[in-house]
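Participant: Chains as they are written, first to last, in the working numbering: chain A, 16 to 554; chain B, 3 to 117.
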Amino acid sequence: MTEWLHHLSILPILAPLAVAAALVPINERERTLKGSIGIVSTFVVFIVAMILMRLAAAGEDSLPGSGVYQPGNWPAPFGIVLVVDRLSALMLCLTSGLALAAQVYSMARWHTAGHHFHSLIQLLLAGLNGAFLTGDLFNLFVFFEMMLAASYGLLLHGSGPLRVKAGLHYIAINLAASSLFLIGVSLIYGTTGTLNMADLATKLPALTPESRMLVETGAALLGIAFLVKAGMWPLGFWLPTAYAAATPPAAAIFAILTKVGIYVILRLHLLVFGAAAGASAGFGQSWLLAGGVATIAFGAIGVLASQAMGRLAGYSVLVSSGTLLAAIGLGREEMLAGALFYLVSSTLTIAAFFLLIELVERGRDAAADVLAVTMEAYGDFDEDEEEEEAGVAIPRTMAVLGLCFSLCAVLLSGLPPLSGFVAKFALLQGLFGMPAADPARALSAADWTYVTLIILSGLAAMIAMNRIGIRTFWASIEGTIPRVVIIEITPVLVLLAACLFLSFHPAPAMRYMQETVGDLLTPGLYKERVLSAPRAGDR
Amino acid sequence: MELILSAGIGALTASGVYLLLRPRTYQVIIGLSLLSYAVNLFIFGMGRLRVNAPPILDPGGVGDLARYTDPVPQALVLTAIVIGFAMTALFLVVILASRGFTGTDHVDGREQRGD
Numbered sequence: 016m017t018e019w020l021h022h023l024s025i026l027p028i029l030a031p032l033a034v035a036a037a038l039v040p041i042n043e044r045e046r047t048l049k050g051s052i053g054i055v056s057t058f059v060v061f062i063v064a065m066i067l068m069r070l071a072a073a074g075e076d077s078l079p080g081s082g083v084y085q086p087g088n089w090p091a092p093f094g095i096v097l098v099v100d101r102l103s104a105l106m107l108c109l110t111s112g113l114a115l116a117a118q119v120y121s122m123a124r125w126h127t128a129g130h131h132f133h134s135l136i137q138l139l140l141a142g143l144n145g146a147f148l149t150g151d152l153f154n155l156f157v158f159f160e161m162m163l164a165a166s167y168g169l170l171l172h173g174s175g176p177l178r179v180k181a182g183l184h185y186i187a188i189n190l191a192a193s194s195l196f197l198i199g200v201s202l203i204y205g206t207t208g209t210l211n212m213a214d215l216a217t218k219l220p221a222l223t224p225e226s227r228m229l230v231e232t233g234a235a236l237l238g239i240a241f242l243v244k245a246g247m248w249p250l251g252f253w254l255p256t257a258y259a260a261a262t263p264p265a266a267a268i269f270a271i272l273t274k275v276g277i278y279v280i281l282r283l284h285l286l287v288f289g290a291a292a293g294a295s296a297g298f299g300q301s302w303l304l305a306g307g308v309a310t311i312a313f314g315a316i317g318v319l320a321s322q323a324m325g326r327l328a329g330y331s332v333l334v335s336s337g338t339l340l341a342a343i344g345l346g347r348e349e350m351l352a353g354a355l356f357y358l359v360s361s362t363l364t365i366a367a368f369f370l371l372i373e374l375v376e377r378g379r380d381a382a383a384d385v386l387a388v389t390m391e392a393y394g395d396f397d398e399d400e401e402e403e404e405a406g407v408a409i410p411r412t413m414a415v416l417g418l419c420f421s422l423c424a425v426l427l428s429g430l431p432p433l434s435g436f437v438a439k440f441a442l443l444q445g446l447f448g449m450p451a452a453d454p455a456r457a458l459s460a461a462d463w464t465y466v467t468l469i470i471l472s473g474l475a476a477m478i479a480m481n482r483i484g485i486r487t488f489w490a491s492i493e494g495t496i497p498r499v500v501i502i503e504i505t506p507v508l509v510l511l512a513a514c515l516f517l518s519f520h521p522a523p524a525m526r527y528m529q530e531t532v533g534d535l536l537t538p539g540l541y542k543e544r545v546l547s548a549p550r551a552g553d554r
Numbered sequence: 003m004e005l006i007l008s009a010g011i012g013a014l015t016a017s018g019v020y021l022l023l024r025p026r027t028y029q030v031i032i033g034l035s036l037l038s039y040a041v042n043l044f045i046f047g048m049g050r051l052r053v054n055a056p057p058i059l060d061p062g063g064v065g066d067l068a069r070y071t072d073p074v075p076q077a078l079v080l081t082a083i084v085i086g087f088a089m090t091a092l093f094l095v096v097i098l099a100s101r102g103f104t105g106t107d108h109v110d111g112r113e114q115r116g117d
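1. Give me, in chain order, the residues of the same chain whose beta-carbon lies closer than 6 Å to that of R52/B; leave out the 5 immediate sequence neighbours on both sides.
2. Would you give the residue range spanned by the alpha helix (DSSP H) that P224/A belongs to?
3. Rank F196/A, L511/A, M413/A and D462/A by C-alpha distance to the C-alpha of F156/A and give the top, closest one.
4. For L427/A and M477/A, what's the separation of their Cα atoms in angstroms?
5. Which chain B residues are close to V179/A, counting only those with a beta carbon under 7 Å from its beta carbon?
6. Between the alpha carbons of G344/A and D214/A, how many angstroms are there, rounded?
7. Could you work out which residues of chain B lie near L202/A, taking near to mean beta carbons separated by less than 8 Å?
8. Measuring only between beta-carbons, confirm whether G317/A sits less than 8 Å from chain B.
9. Taking the alpha helix (DSSP H) that A261/A falls in, what are its first and last residues?
10. Classify S193/A as buried or exposed, calling it buried when 16 or more other Cβ atoms lie within 10 Å of its own Cβ.
11. Is V334/A helix, strand or coil by DSSP?
12. Which residues of chain A have a Cβ atom closer than 8 Å to the Cβ of P25/B, listed in chain order?
13. Shorter than 8 Å from the beta carbon of T81/B to some beta carbon of chain C?
14. Put N42/B into one of helix, strand or coil per three-state DSSP.
15. Helix, strand or coil, according to DSSP, for D151/A in the structure here?
16. Kindly give me the distance between the Cβ atoms of V98/A and V545/A, rounded to whole angstroms, as I take these residues to be in contact under 8 Å.
17. Helix, strand or coil for D107/B per DSSP?
18. From this set, L170/A, I62/A, M525/A and Q444/A, which residue's C-alpha is nearest G129/A's C-alpha?
19. Which term fits A198/A, buried or exposed, when burial requires 16 or more other beta carbons within 10 angstroms of its beta carbon?
20. By the three-class DSSP mapping on this structure, what secondary structure does L458/A have?
21. Looking only at C-alpha atoms, which of A323/A, L416/A, F436/A and T310/A sits nearest to L340/A?
22. Along the chain, where does the alpha helix (DSSP H) containing V499/A start, and where does it finish?
23. Who are the Cβ neighbours of T110/A in its own chain at under 6 Å, not counting the five residues just before and after it?
24. Report the rounded CA-to-CA distance for V94/B versus I31/B, giving the unit in angstroms.
25. Using C-beta distances below 7 Å, list every residue in its chain close to R347/A, excluding the 5 sequence neighbours before and after it, in chain order.
26. Could you name the residues of the same chain whose beta carbon sits closer than 7 Å to that of G105/B, not counting the 5 residues immediately before and after it, in chain order?
27. Taking its Cβ as the centre, do 16 or more other Cβ atoms sit within 10 Å of F87/B, making it buried, or is it exposed?
28. Beta-carbon within less than 7 Å of I25/A's beta-carbon, same chain only, minus the 5 sequence neighbours each way: which residues are those?
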């Protein structure tokens with residue numbers, strides 16, 4: 016029984032891989048069949064992720080094999096390990112939930128825009144889940160590349176000059192970042208002789224100063240690779256263009272891609288460069304803070320300057336990752352639970368917004384909106400244009416869309432009472448809620464900059480959303496009222512409902528986040544679990 | 003040998019980065035290839051340079067570490083080569099698509115004055 020349960024931890028990688036392979040030979044005309052298989056598989060992964068999250072929430076003892084899975088049945092640090100803990104289970108759950116929404120949405124029309132859409136989504140899922148589960152750096156690279164390769168395909172899905180141009184930049188930048196990733200990994204291996212993250216954390220404090228310098232160089236190079244993915248300020252110029260050019264379901268699932276960079280930085284920062292790391296403790300923190308603050312500022316200005324909704328959403332992604340990076344960089348442990356809550360809430364919001372944009376803009380007259388790049392991007396669509404979407408159109412389209420849009424606006428700008436506000440409140444409470452008497456914890460200039468920027472970025476989002484909302488919903492309708500089918504609006508509603516649930520029942524989620532942060536702040540526990548996990552035969 | 007290897011990695015990286023920053027897609031892809039060769043050599047070098055030492059056990063010399071070289075970087079290089087090659091192929095496809103759409107091989111999709 017437990018033996019069977021033990022294999023659950025590898026299912027989130029294996030199931031999407033197998034399904035992706037199985038979907039390739041099926042004829043492209045059987046799109047509904049392919050989509051249904053994909054959705055069923057993602058749903059299974061979602062259920063598994065929920066189970067893993069429940070088990071992780073109950074503590075390490077209830078996770079089968081203490082959450083450490085050895086695919087080659089070799090103990091760490093010699094063999095490859097997959098580690099399920101609260102943080103990775105949370106990310107698995109978020110990923111599969113988003114993928115589910117994107118897949119259901121794509122069934123209405125977007126999966127007809129190109130080939131192998133559903134296989135690519137499954138491959139992306141396998142890569143993402145692998146990156147969240149893996150316990151060693153080189154497998155992180157492999158899963159990262161898998162995820163990136165699928166994301167290149169998804170970005171180009173639907174083709175058209177705009178997408179190809181955005182894809183060209185996206186791929187070139189990510190390939191260069193992958194080279195840096197490899198240099199970083201090999202530097203770390205060359206000096207410490209290990210690739211396992213737990214083992215690395217154990218060996219780091221004992222290194223000579225010269226070797227430690229090399230490890231830190233390696234870690235900095237690794238960090239650049241992740242920060243490119245997370246879109247930190249000088250490294251993130253490609254992001255708004257690429258995300259705005261992607262098809263809506265692809266863009267929605269891309270909302271989690273930046274969070275992979277954040278996840279790895281959070282994990283490595285607290286595990287390897289935590290308080291136990293000796294002289295290397297807190298390595299790179301000031302850079303994270305500076306970069307994060309610059310990213311929020313750049314993102315907020317971009318949000319204000321955006322004329323089209325796609326770009327607005329792209330810059331919101333930047334604001335979201337800047338907020339998280341700076342929160343990690345401030346090094347206040349009390350803020351981390353709020354940061355995780357913000358991660359979940361903002362990812363769900365941005366994904367919902369990406370899905371909603373296309374529905375809103377669909378009815379617009381092309382001439383009335385010369386600035387919207389979307390029509391040009393969809394120009395390649397002629398073949399399928401006549402094909403009516405399957406399904407029933409929803410009644411009162413504009414009312415429903417307007418309601419969803421205003422929910423997105425409130426969530427993105429972090430106004431009460433929704434989860435965007437709860438998340439920012441938790442972040443700021445973590446910052447302010449400390450005893451003022453302790454001089455070491457007095458608020459510094461950096462803290463105040465952060466607070467100011469968080470509030471200003473919310474204001475910028477509100478202004479931009481108001482402007483675009485008024486132009487879209489209160490202007491006289493020049494185009495036709497968009498025909499929106501139920502399976503397109505449902506994923507948006509479900510994602511927003513998840514945010515609403517987080518808004519009104521934040522306590523269980525908050526408790527989970529606090530436990531997660533508790534895990535992250537005691538890296539000794541993680542190290543011990545990974546390094547002393549017994550082989551399957553010995554159990 | 004160390005000098006040759008490091009000089010080689012340096013030259014490849016420098017050329018790769020230079021080409022990567024050029025405005026033509028062909029130069030960019032060649033730059034990326036050179037960069038990935040440099041990275042592969044670098045990973046190889048990180049396992050320390052040894053001559054005539056196999057990374058796998060041979061029946062005669064089991065137990066004597068001095069006879070072997072570190073097998074892990076070789077495995078890593080193999081994976082990195084495969085992944086790098088696949089990515090370059092994919093990038094080539096995108097470059098061809100871009101050339102088809104825009105009629106130019108400029109990375110921005112249109113010619114700029116002064117190039």
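The beta-carbon is built from N, C-alpha and C at its ideal position, and this holds for glycine as well.
Facilitator: The structure says:
1. Within the same chain, R52/B has close Cβ partners T71.
2. P224 to A245 is the extent of the alpha helix (DSSP H) around P224/A.
3. Residue F196/A holds the alpha-carbon nearest to the alpha-carbon of F156/A among F196/A, L511/A, M413/A and D462/A.
4. Across the structure, L427/A and M477/A are spaced so that their CA atoms are roughly 8 Å apart.
5. Below the 7 Å Cβ cutoff, chain B contributes V96, A99, S100 and F103 as neighbours of V179/A, in chain order.
6. One Cα belongs to G344/A, the other to D214/A, and the distance between them is close to 24 Å.
7. Ordered by position in chain B, the residues that pass the 8 Å Cβ test against L202/A are M48.
8. Among the CB atoms of chain B, none fall inside 8 Å of the CB of G317/A.
9. Counting along the chain, A261/A sits inside no alpha helix (DSSP H), nor does DSSP assign it H or E at all.
10. Buried.
11. Here V334/A sits in helix by DSSP.
12. In chain A, no part has a C-beta under 8 Å from the C-beta of P25/B; the shortest such distance is about 12 Å.
13. Going by chain labels, chain C is absent from the structure shown, which instead holds the protein chains A and B.
14. Here N42/B sits in helix by DSSP.
15. In this structure, D151/A counts as strand in the three-state DSSP scheme.
16. The pair is a contact, with the Cβ atoms about 6 Å apart (cut-off 8 Å).
17. Three-state DSSP puts D107/B in coil, outside helix and strand.
18. Checking every option, the nearest Cα to that of G129/A belongs to L170/A.
19. In the sequence under discussion, the amino acid at residue 198/A is Ile, which differs from the Ala named in the question. Flag for I198/A reads buried.
20. In this structure, L458/A counts as coil in the three-state DSSP scheme.
21. For L340/A, the closest alpha carbon among the candidates A323/A, L416/A, F436/A and T310/A is that of T310/A.
22. Neither: V499/A is in no alpha helix (DSSP H) and is coded neither H nor E.
23. So the list reads L143 and I271, once near-sequence residues are dropped.
24. Here the sequence assigns Leu to residue 94/B, which means Val is not the residue at that position. Between L94/B and I31/B, the C-alpha separation is close to 7 Å.
25. Result list for R347/A: G445 and L446, in chain order.
26. Taken in chain order, the list of residues that qualify is empty.
27. With fewer than 16 other Cβ atoms within 10 Å, it is exposed.
28. Closer than 7 Å at the Cβ level, and outside the excluded window around I25/A, lie Y84, P86 and L97.
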